[in-house]
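Residues in the sequence shown are numbered consecutively from 5, following my numbering.
We put the CB at the ideal spot given by N, CA and C, even for glycine.
Contents: one structure, followed by commentary.
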Amino acid sequence: MLIEQLIRLGRPFVEGGLAPAQILDQVSDVGEPEAKGFLQRVVIVEVDLPTSRTAVGRSEWVFRRLQTQGKKTVEVVEPDIERARTAPFVIPAGGNPVVPQGRYGIPAYLFYDKNAQAFRESVQHVVRFLQGRMERTTFLKRDWAPQIDLTNVAEQIYAFFRKGFEDDGKCNGLLILALVGPDALYRYEPLGYVPRPGDEGIVRTSELYPDRVIVADLARIAELFWESKIAEGEEKGRRTGTGAMCSICNKRGDVISAYSKAWNWFTTTWVAPLPAGLDDSNLVDGVALCTDCYRALTYGSRLFDRLTQRLPAALAREVFAPATSGYAVHQGRSGGGEELPTVYGGVLALPLLDDVLADEMTRRAFVRRLSRMASGSTYAGERGRDLHLKTITGLEMWLPDLDESRQYGLTVLYYSGDPGRADIHLRGVVDDVMPTVAAVVDDVVHDVYDASVALRVRVLGEERADRMKELFRSLPALLARAYGPSHIWATLAAALHGEPLSRKAFVRLVAYRLRDLTARYTQHLGHLRDEVLFFLYFDQFLARYRERVSRKGEVRVMRDWQTLIEMLDAAKQQPPALEGHEELGFAAGYFMREFGRRYYARTEKDFLETRVITFGNQVTPEVILKYGLLQVKPQAARHRIGVWDLELLLGSVMAGFLQYKEALAKQPDEFLAAFWAGYCLHRPEKVQEGEKASSGAEERDVSQTG
5 MLIEQLIRLG RPFVEGGLAP AQILDQVSDV GEPEAKGFLQ RVVIVEVDLP TSRTAVGRSE
65 WVFRRLQTQG KKTVEVVEPD IERARTAPFV IPAGGNPVVP QGRYGIPAYL FYDKNAQAFR
125 ESVQHVVRFL QGRMERTTFL KRDWAPQIDL TNVAEQIYAF FRKGFEDDGK CNGLLILALV
185 GPDALYRYEP LGYVPRPGDE GIVRTSELYP DRVIVADLAR IAELFWESKI AEGEEKGRRT
245 GTGAMCSICN KRGDVISAYS KAWNWFTTTW VAPLPAGLDD SNLVDGVALC TDCYRALTYG
305 SRLFDRLTQR LPAALAREVF APATSGYAVH QGRSGGGEEL PTVYGGVLAL PLLDDVLADE
365 MTRRAFVRRL SRMASGSTYA GERGRDLHLK TITGLEMWLP DLDESRQYGL TVLYYSGDPG
425 RADIHLRGVV DDVMPTVAAV VDDVVHDVYD ASVALRVRVL GEERADRMKE LFRSLPALLA
485 RAYGPSHIWA TLAAALHGEP LSRKAFVRLV AYRLRDLTAR YTQHLGHLRD EVLFFLYFDQ
545 FLARYRERVS RKGEVRVMRD WQTLIEMLDA AKQQPPALEG HEELGFAAGY FMREFGRRYY
605 ARTEKDFLET RVITFGNQVT PEVILKYGLL QVKPQAARHR IGVWDLELLL GSVMAGFLQY
665 KEALAKQPDE FLAAFWAGYC LHRPEKVQEG EKASSGAEER DVSQTG
């Protein structure tokens, strides 16, 4: 159950002895990129409780710096987390954000442009804004909470907003009631005071007393923040006593509902038929959590949110491209076609056994590494064993070294929809991925790409050899192209678990696309060449994957393309020895390309298009033999085409059709893919002097490789 995994992910943070500052960073939104829109306008209502003096001032809790992007210099704005954590908040993920939502630990409230406009209109609008939120604020609900002159505070806020803000744009911000006093969350200290790291923070210099600063007690703020989270869970029900049991750890006592804002996937934002007698306030009878598990869920869900990213558009196009249409696949890759759904991916890193984290030092190290992973840092691997996950998952993040002496597993989730509305379409889940296996698969993907330079140059040309880099260096994209979008998640799970991958299924799908492109093939020759490149590339990947990862599965039959080309180039002196029906297909394609070049030089017609693939014919062993190979000598005699140097090759190919007749009948897909590989990889020598230069399909297949 996913909620159980999130609780396991968050439990080390609950038990890890984090400082209050670290707790607030994890469970609030002060460090999120979206926070900067609010932190540029921080309105602080300073109330000196002993004297009841009040002042309103504005602060900016952001850092600004200039950054060069191309020919432009842009301003980059980032949250000032040191100050922001003194008044933590959560940005609403759903519902109407301008109205009160959930619970507030302390009187720190986000306001939006619509709220700011209302503040300028009347004091009553300010009073309504504050009343609705103060009633939901844990600190102000305490019996000993200080009394606030709401009318006086509202009047001062109204007067402040009437002056307006100098900067343009939407007036989103953060409104803080900084109640300063001996028993309050904030106190005064002399100017220059150095706060205790992790336990205190400076809010700002006092508006009332310029020689003092306002200091926040982060420990108490963190405690209140947790209490507000627990109160949110209680809204959907609470049970006490020995009959109340946690659904996760089986602990008996006080339990609250998991259907709350602790995890936005578990919010009840739409009305579904509930069992008779079970209303919204009794959802605790569905999934109940003790307070410790609820805290762990809060940590885990927040961490999962930070470890979730949107899949790049290029990868999404590969994943959703129609697998059986060669033309549609290439249109999809170029950005054409229908609008694609937004897909998100998230990663969970968990120990296989919970007792791994029983040791305090191990637990602290685990928390530190996951926090670093969730920070979004783009460091290039601090340690040699850190693993970048982009290649194998499509997600731009680093997996820190998790200590190979202990067993950890990764869970990767892919989904679409709107989490803020609990509208989730779970597309794929890959459980229990061993980092060691993932690292080897990552190496295989990179090694195959590095070893394919000659192939890519041969097919695409030297200048465009890296044109398909994004596809070839992404495991999800490779698998989607090889097996189709309906099998992407199953094959990704198999690859990351080190299980065998089917060569037969991959070749069958490639052959299907090649058949789709065969009709009017001269117009689709660029796409055909791309398919041939993918066929040979993924075949190399499967061979190396079997050798280094799965160590079992279907064995590659056809020798590598360079060996075959060298053998066929030497066929003028020595008949080639063809090993299997795939190599026969490769040799047949090579031969048809060579003869087609000579045929065009005499007739200015494409032999394959005008003599072989006619009347709806497809490239099958029977068609190639009957309309192609058996017509070579009659056509050569008719048009006076010299083929004496092709006799040995033609004889070997003709003999191969007899030798591998049974295999050709059972496995025509392998023949088809290999045929086009031989056809596209052969580079005929230039025509002899006196012959016409070929310009039609033979030149088009070079010009269409882009």
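Contact check, residue i vs residue j, beta carbons under 7 Å
{"i": "Leu391", "j": "Leu399", "result": "no"}
{"i": "Leu685", "j": "Trp493", "result": "no"}
{"i": "Thr720", "j": "Gln622", "result": "In the structure as shown, the chain begins at 5 and stops at 710. Residue 720 is therefore absent and cannot be evaluated."}
{"i": "Ser232", "j": "Arg137", "result": "no"}
{"i": "Ile27", "j": "Ala226", "result": "yes"}
{"i": "Leu13", "j": "Leu414", "result": "no"}
{"i": "Leu352", "j": "Gln9", "result": "yes"}
{"i": "Pro789", "j": "Leu361", "result": "Because the chain spans 5 through 710 in this model, residue 789 falls outside it and cannot be assessed."}
{"i": "Gly205", "j": "Ala188", "result": "no"}
{"i": "Asp1", "j": "Thr246", "result": "No answer is possible for residue 1: it lies beyond the span of the chain, which begins at 5 and ends at 710."}
{"i": "Ser554", "j": "Pro625", "result": "no"}
{"i": "Val511", "j": "Asp359", "result": "no"}
Close beta carbons around residue i, own chain, < 7 Å, minus the five adjacent residues each side
{"i": "Phe539", "result": "Val514, Ala677 and Ala681"}
{"i": "Asp33", "result": "Ala39, Phe93, Val94 and Ile95"}
{"i": "Gln105", "result": "Pro96 and Gly99"}
{"i": "Phe169", "result": "Arg45 and Cys175"}
{"i": "Trp230", "result": "Arg299"}
{"i": "Asp451", "result": "Arg548"}
{"i": "Ala280", "result": "Low confidence applies here, because Ala280 scores a pLDDT of 46, under 50, leaving its location unreliable and the question unanswered by this model."}
{"i": "Asp296", "result": "Val18"}
N- and C-terminal bounds of the alpha helix (DSSP H) containing residue i
{"i": "Ser375", "result": "Glu364 to Ala378"}
{"i": "His643", "result": "Val636 to His643"}
{"i": "Phe67", "result": "It is not in any alpha helix (DSSP H) - Phe67 instead sits in the beta strand (DSSP E) that spans Val66 to Gln73."}
{"i": "Leu22", "result": "Leu22 -> no alpha helix (DSSP H), and no H or E assigned at all."}
{"i": "Pro672", "result": "Pro672 to Leu685"}
{"i": "Tyr113", "result": "Counting along the chain, Tyr113 falls outside any alpha helix (DSSP H), though it belongs to the beta strand (DSSP E) covering Ala112 to Phe115."}
{"i": "Gln128", "result": "Val127 to Met138"}
{"i": "Lys40", "result": "Lys40 to Leu43"}
{"i": "Ile95", "result": "Per DSSP, Ile95 belongs to no alpha helix (DSSP H) and is neither H nor E."}
{"i": "Lys396", "result": "According to the sequence shown, residue 396 is Ile rather than Lys. Segment Lys394 to Thr397, the alpha helix (DSSP H) holding Ile396."}
Cβ separation of residue i and residue j, assumed to be a contact under 8 Å, to the nearest whole Å
{"i": "Leu222", "j": "Arg89", "result": "7 Å"}
{"i": "Ala112", "j": "Ala91", "result": "4 Å"}
{"i": "Ala235", "j": "Ala292", "result": "That belief does not hold up - the Cβ atoms of Ala235 and Ala292 are roughly 16 Å apart, past 8 Å."}
{"i": "Gly185", "j": "Leu53", "result": "3 Å"}
{"i": "Arg124", "j": "Arg166", "result": "6 Å"}
{"i": "Tyr418", "j": "Ile428", "result": "Wrong, their Cβ atoms sit about 11 Å apart, outside the cutoff."}
{"i": "Val347", "j": "Leu311", "result": "Not confirmed; about 15 Å, so no contact."}
Nonlocal neighbours in the same chain, by C-beta distance under 6 Å from residue i, ignoring five residues either side
{"i": "Ala484", "result": "Glu322, Val323 and Ile492"}
{"i": "Trp403", "result": "One detail in the question is off: residue 403 reads as Leu in this sequence, not Trp. Hits under 6 Å: Leu391 and Leu393."}
{"i": "Val31", "result": "Thr302 and Arg306"}
{"i": "Gly646", "result": "none"}
{"i": "Ile396", "result": "Ala442, Val445, Asp446 and Leu479"}
{"i": "Ile7", "result": "none"}
{"i": "Ile180", "result": "Ile48, Ala91 and Ala112"}
{"i": "Trp65", "result": "Leu43, Val46, Asp84, Arg87 and Ala88"}
{"i": "Val627", "result": "Asn621"}
{"i": "Arg602", "result": "Ile645"}
{"i": "Arg652", "result": "Per the sequence presented here, residue 652 reads as Leu, with Arg not at that position. So the list reads Ala575 and Pro579, once near-sequence residues are dropped."}
{"i": "Gly421", "result": "Asp427, Ile428 and His429"}
{"i": "Gly109", "result": "Thr142, Leu228, Phe229 and Ser232"}
{"i": "Tyr631", "result": "Val616"}
Neighbourhood of residue i by C-beta distance below 8 Å, restricted to the same chain and skipping five residues each side
{"i": "Val60", "result": "Val47, Ile48, Val49, Glu50, Gln160, Ile161, Ala163, Phe164 and Glu211"}
{"i": "Ser490", "result": "Ala327"}
{"i": "Phe308", "result": "Leu10, Leu13, Gly350 and Leu352"}
Range covered by the beta strand (DSSP E) that runs through residue i
{"i": "Ala59", "result": "Arg57 to Ser63"}
{"i": "Tyr412", "result": "Tyr412 to Asp422"}
{"i": "Pro16", "result": "Counting along the chain, Pro16 falls outside any beta strand (DSSP E), though it belongs to the alpha helix (DSSP H) covering Leu6 to Glu19."}
{"i": "Val49", "result": "Val46 to Asp52"}
{"i": "Gln151", "result": "Counting along the chain, Gln151 falls outside any beta strand (DSSP E), and DSSP gives it neither H nor E."}
{"i": "Tyr348", "result": "Val347 to Pro355"}
{"i": "Thr77", "result": "Lys76 to Pro83"}
{"i": "Gln313", "result": "Thr312 to Arg314"}
{"i": "Ala182", "result": "Gly177 to Val184"}
Which ranges does the alpha helix (DSSP H) cover as unbroken runs of at least 4 residues, wholly within the segment 187-274, from first to last along the chain? 222-238
My parser needs the alpha helix (DSSP H) runs of 4 or more residues fully inside the segment 417-469; what are they? 439-455 and 457-464
Which parts of the segment 522-602 are runs of the alpha helix (DSSP H), unbroken and 4 residues or longer, counting only runs that do not cross its ends? 529-549 and 565-573
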